[in-house]
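Visitor:
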Amino acid sequence: MKRFFSPISSKLPQSSSSAQNAPQVEENLNQLDETHHSAKRFKQGVDFDSLPADPKKRIPIRDYHPDERDEIRRAYIQRGPHQPRIREFPQSDLFGLKRRFNRKWFKKYHDWLEYSVTEDAAYCLCCYLFQDESIHQGGGETFSSIGFRSWHKKKRLDTHIGKSNSVHNQAKKKCEDLMRQEQSIQAAFVKLSNQTKLEHKIRLKASIEVARLLLNQGLAFRGHREDESSLNKGNFLEILSWYAKRCDKIDELVLKRLQNDR
Numbered sequence: 001m002k003r004f005f006s007p008i009s010s011k012l013p014q015s016s017s018s019a020q021n022a023p024q025v026e027e028n029l030n031q032l033d034e035t036h037h038s039a040k041r042f043k044q045g046v047d048f049d050s051l052p053a054d055p056k057k058r059i060p061i062r063d064y065h066p067d068e069r070d071e072i073r074r075a076y077i078q079r080g081p082h083q084p085r086i087r088e089f090p091q092s093d094l095f096g097l098k099r100r101f102n103r104k105w106f107k108k109y110h111d112w113l114e115y116s117v118t119e120d121a122a123y124c125l126c127c128y129l130f131q132d133e134s135i136h137q138g139g140g141e142t143f144s145s146i147g148f149r150s151w152h153k154k155k156r157l158d159t160h161i162g163k164s165n166s167v168h169n170q171a172k173k174k175c176e177d178l179m180r181q182e183q184s185i186q187a188a189f190v191k192l193s194n195q196t197k198l199e200h201k202i203r204l205k206a207s208i209e210v211a212r213l214l215l216n217q218g219l220a221f222r223g224h225r226e227d228e229s230s231l232n233k234g235n236f237l238e239i240l241s242w243y244a245k246r247c248d249k250i251d252e253l254v255l256k257r258l259q260n261d262r
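In this text, residue positions in the sequence shown follow the UniProt record's numbering: the first is 1, and each later residue adds one.
(1) How far does the beta strand (DSSP E) with ARG99 in it extend, from its first residue to its last?
(2) Does the separation of the CB atoms of HIS168 and HIS160 fall below 8 Å?
(3) According to the Cβ coordinates, are PRO84 and TRP112 closer than 8 Å?
(4) Report the rounded CA-to-CA distance for ASN194 versus GLU68, giving the unit in angstroms.
(5) Tell me the DSSP secondary structure of PHE221 in three-state form.
(6) Pick out the complete alpha helix (DSSP H) segments inside the segment 69 to 113, 4 residues or longer, and give them in chain order.
(7) Could you check if PRO55 is buried or exposed, using at least 16 other CB atoms within 10 Å of its CB as the buried criterion?
(8) If you reduce the DSSP assignment to three classes, tell me which class PHE130 lands in.
(9) Assuming TYR128 and ARG62 form a contact by the criterion Cβ under 8 Å, report the distance between their Cβ atoms to the nearest whole angstrom.
(10) Exposed or buried, which one is ILE72 when buried takes at least 16 other CB atoms within 10 Å?
(11) In angstroms with no decimal places, state the Cα-to-Cα distance between ARG203 and TRP242.
(12) Kindly indicate which residue of SER166, HIS110, ARG99, SER92 has the alpha-carbon position closest to the one of LEU125.
(13) What first and last residue would you give for the alpha helix (DSSP H) that runs through TYR64?
(14) Does the distance from the CB of PHE95 to the CB of TYR123 come in under 8 Å?
(15) By alpha-carbon positions, which one of GLU238, LEU198, LYS233, ASN232 ends up nearest to VAL210?
(16) With ALA122 as the anchor, note down where its beta strand (DSSP E) starts and where it stops.
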């Protein structure tokens, strides 16, 4: 039969505007839906548990996607500076003298000093996380990417810290501010009761299901009039209303809330 008759599509013809917007809207809906189905989720394939610990093996922060940087920074801050417990650090020949990294420095500079076993060099966690164009001041580039190996110049560590407005201290403050911001967000979410979380999930799921139906059929979302006196409030609200009549929870949490917000 297919030799004589062309198959008829089962889908309704899509309007050009709906077809163009459908992929982007569908992607946004998938992201929202995924948030409620997965407690642990990686952005763009980044596995935060597998981030390199050794400072020399790390990717520069600016090479990550902007949306990922703060999450990666938090992961490193929560780990703390990489300070391997080595019994004897390797010696280097400096001007005819044998010098090595002093493990006592970890105690004095406990909140930022790092050591790379791969490079036999010292680094600054704060400056790595928030390096910018002015990072060369105070030896910032040395401690953020190149690595410090002048073991006979211990004063360079204090010089790197500098005064209160130094690049290092600015980077350190950004680390502290970032973690305070994360704690504030977590605290606000914890305050939500289980009932509130459940209601939010019901509202979101109902809206996503109706939106997907409209996208699959290529139908417009809104009508010309959506007020209470309108006989046809548009596809989205009308289908949501039909859905609500079959579920008391949706009627209570979605439609009545929409009416109260107007």
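Quick reminder that beta carbons are idealized off the backbone N, C-alpha and C, glycines included. Keep in mind it's a predicted model, so treat the numbers as computed, not measured.
Guide: The answer reads as follows:
(1) Reading the sequence shown from its first residue, position 99 is the one you call residue 99. ARG99: member of the beta strand (DSSP E) spanning 97 to 99, first to last residue.
(2) Residue numbering aside, residue 168 sits at position 168 when the sequence shown is read from its first letter. Residue numbering aside, residue 160 sits at position 160 when the sequence shown is read from its first letter. It is a contact, given that the beta carbons lie within the stated cut-off.
(3) Stepping through the sequence shown from its first residue, residue 84 is reached at position 84. Stepping through the sequence shown from its first residue, residue 112 is reached at position 112. Taking 8 Å as the Cβ cut-off, PRO84 and TRP112 do not qualify as a contacting pair.
(4) For this step, residue 194 is matched to residue 194 along the sequence shown. For this step, residue 68 is matched to residue 68 along the sequence shown. Their Cα atoms are separated by approximately 29 Å.
(5) If you number the sequence shown from 1, residue 221 lands on position 221. Three-state result, PHE221: coil.
(6) Listed in chain order, they are 105 to 108.
(7) Here residue 55 corresponds to residue number 55 of the sequence shown, with the count starting at 1. Per the 10 Å Cβ criterion, buried.
(8) Here the question's residue 130 lines up with position 130 in the sequence shown. Note: PHE130 maps to coil in three-state DSSP.
(9) Position 128 of the sequence shown, counted from the start, is the residue given in the question as residue 128. Position 62 of the sequence shown, counted from the start, is the residue given in the question as residue 62. Incorrect: roughly 11 Å between the Cβ atoms, too far for contact.
(10) Sequence index remark: in the sequence shown, residue 72 carries index 72 (1-based). So ILE72 counts as buried.
(11) Along the sequence shown, one-based indexing puts residue 203 at 203. Along the sequence shown, one-based indexing puts residue 242 at 242. Looking at the two C-alpha atoms, the distance is approximately 15 Å.
(12) Along the sequence shown, read from residue 1 onward, the residue named residue 125 stands at position 125. LEU125 has its Cα closest to that of HIS110, out of SER166, HIS110, ARG99, SER92.
(13) Position 64 of the sequence shown, counted from the first residue, corresponds to residue 64. Unbroken run through TYR64: none, as it is neither H nor E.
(14) For this step, residue 95 is matched to residue 95 along the sequence shown. For this step, residue 123 is matched to residue 123 along the sequence shown. Their beta carbons are not under 8 Å apart, which means PHE95 does not touch TYR123 by this criterion.
(15) Taking the first residue of the sequence shown as 1, we reach residue 210 at position 210. Comparing Cα-Cα distances from VAL210 to each of GLU238, LEU198, LYS233, ASN232, the minimum goes to GLU238.
(16) In the sequence shown, residue 122 corresponds to position 122, counting from 1. Where ALA122 is concerned, the enclosing beta strand (DSSP E) stretches over 121 to 124.
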